[in-house]
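Per our numbering, residue 10 is the first one in the sequence shown, and the count goes up by one each step.
We treat Cβ as the ideally placed atom computed from N, Cα and C, and that holds for glycine.
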Amino acid sequence: MHTDFHQQRRDKAAFKLLKDFLNDDVDFVELEHVLNDMLMHYLRPAHEWNISREHALYAIDNSEILMRLLRKMREFGRKEEMI
10 MHTDFHQQRR
20 DKAAFKLLKD
30 FLNDDVDFVE
40 LEHVLNDMLM
50 HYLRPAHEWN
60 ISREHALYAI
70 DNSEILMRLL
80 RKMREFGRKE
90 EMI
């Protein structure tokens, strides 16, 4: 019972968070493009900018998490529109 209550609270909080983003007319495709552009800009070698392999992998791993989040939020928004 106690665990169910906490799970319901987490589900409600997640739903509220998603609804907040969806109600703001956020374009998740556009956000994903911006994220990719920023990642490429960060990783691109430039004068006096020699990112280490460790930092590059860290940036790629974190961007993957954010891209998955954006894609799942976009999918959730589509499902909500169908309801």
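Proximity below 7 Å, CB of residue i to CB of residue j
i	j	result
residue 72	residue 40	no
residue 3	residue 52	Since the first residue shown for the chain is 10 and the last is 92, residue 3 is missing from the structure and cannot be characterised.
residue 44	residue 75	yes
Given residue i as reference, the closest of the options once Cα atoms are compared
i	options	result
residue 78	23, 65, 61, 18	23
residue 37	83, 88, 90	83
residue 46	57, 88, 16, 68	68
residue 89	29, 19, 15	29
residue 80	16, 57, 42, 20	42
Residue(s) in a DSSP beta bridge with residue i
i	result
residue 55	58
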